[in-house]
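**Student:**
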Amino acid sequence: MCLKMFDILFITHIPAFYKVNLYNELSKTLNVYVIFISSDTNEKRSTDFSSLDNINIKYSILNETEFQNRNKLLSMIKLYQLLNNLNYKKIAVGGWDLPEFWLATLMTSYHKNSLVLESTFHESKTKGFKGAIKKIFLSRISSVLASGQSHIQLLEKLDYRKKILVTCGVGIINKPKYNKKSVVYQKRFLYIGRLSKEKNLHTLINVFNGLPSYKLTIVGSGTETEKLFRLANKNISFVPPISNNEIADIYLSHDVFVLPSISEPWGLVLEEALYYGLPVIVSNRCGASELITKGVNGVLFDPLNENELWNTVTSMGTLYFNSKLVGPVVHSIFEKDIKQVKSYEFLVNE
């Protein structure tokens, strides 16, 4: 039997909306197949974070369970069977941290193997046993699709000397049309994401606890929810995960977006905030921090320096708030996504 040839086979964790958007865009020029390891996750910022409603490509799902609760042995058996029945020019695995990724790269010839790298040198170990394991994995990889400069720095620390393509992102955000109204700065700050330790929300809350005239909205859920709720004063409100259809209203009803993470491989919410015209305050340990130009669309800060965050928050109204932000920034977001698509096209057509 002659198997259909796919240009590129992706293996990734879950059908996150921004990944599906990317694969759909790639399918306009490439023959794409995707293997999702699981159908959903128990760690998400919105109720429809994972969805196959709008997918336009061929795909398979290994586990109809939450990613964290899958049977890894059964998952690998299914993957083995599936890979034996697929024909593809390139394979792109979504990391080096899962047994499924290791199996796929061992089953596929070296020249076909590529890695979608979304980890940075900030949170990834490059020395000792963990560093050695990463180097072994990379020895099976002929090309790496790195999100940005901090991801390339990780590869340099791991002595990777093969082909590196910069994608300028980890997926494509939803871009619904909206009307940006001229607003008066009202000291309304916003965080959207998981409520976990690496997000450094206790520092953010400490700052706003000392600024009673400022308002902070925290959208999402996670392991730190109850602890953070007890820590927060009345000027800080918590909103549970909401649907992507409601995200626009949340962004447009605030003045500034804050991403204070100690560790953040990229930060897709940063792209969303910029798309909706919000200036941003971003940790310098976020992968997407390279999208920020001080005084133009936001400011970077050291997430370990609470005083620096306090000074940045209190200065936003006069130094960084720019109601004319939306036009040029939205244009740059579209340009960034075009570069992302072209990087995958180049991988396949090289």
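Per this note's numbering, residue 109 is the first one in the sequence shown, and the count goes up by one each step.
The beta carbon of each residue, even a glycine, is placed where N, CA and C say it ideally should be.
1) Give me, in chain order, the residues of the same chain whose beta-carbon lies closer than 8 Å to that of R248; leave out the 5 immediate sequence neighbours on both sides.
2) Report buried or exposed for I326, applying the criterion of at least 16 other Cβ atoms within 10 angstroms of its Cβ.
3) Could you check what DSSP says for R338 in three-state terms: helix, strand or coil?
4) For G256, tell me which candidate among N129, W210, W374 has the shortest Cα-Cα distance.
5) Between which two residues does the alpha helix (DSSP H) carrying A381 extend?
6) CA-CA distance, H121 and L455?
7) Tell me the DSSP bridge mates of D148?
8) Could you give the distance in angstroms between the alpha-carbon of S146 and the alpha-carbon of V315?
9) If we count the other Cβ atoms within 10 Å of its Cβ and call it buried at 16 or more, is I105 buried or exposed?
10) Helix, strand or coil: how does DSSP classify S227 here?
11) Excluding five sequence neighbours on each side, which residues of the same chain lie with their C-beta closer than 6 Å to the C-beta of L130?
12) Whole angstroms is fine: what's the gap from I98's alpha carbon to S304's?
13) With a cut-off of 8 Å on the beta carbons, I'd call D363 and K295 a contact; round off their distance for me.
14) In whole angstroms, what separates the C-alpha of S232 from that of G301?
15) Output the distance between the C-alpha atoms of N308 and L382, rounded to the nearest integer angstrom.
16) Can you tell me whether M113 is buried or exposed? The criterion is at least 16 other CB atoms within 10 Å of its CB, across all chains shown.
17) For A340, is the classification buried or exposed, using 16 other Cβ atoms within 10 angstroms of its Cβ as the cut-off for buried?
**Tutor:** Quick look at the numbers:
1) T213, L214, Y218, N221
2) buried
3) helix
4) W374
5) Unbroken alpha helix (DSSP H) run through A381: 376-383.
6) 21 Å
7) E174
8) 38 Å
9) With the chain covering 109 to 458 only, the question about residue 105 has no answer from this structure.
10) coil
11) The answer, listed in chain order, is G279, I280.
12) The displayed coordinates of the chain run from 109 to 458. Any statement about residue 98 would go beyond what the structure contains.
13) 7 Å
14) If you draw a straight line from the Cα of S232 to the Cα of G301, it comes to about 21 Å.
15) Take the alpha-carbon of N308 and the one of L382: they are about 21 Å apart.
16) Label assigned to M113: exposed.
17) Per the 10 Å Cβ criterion, buried.
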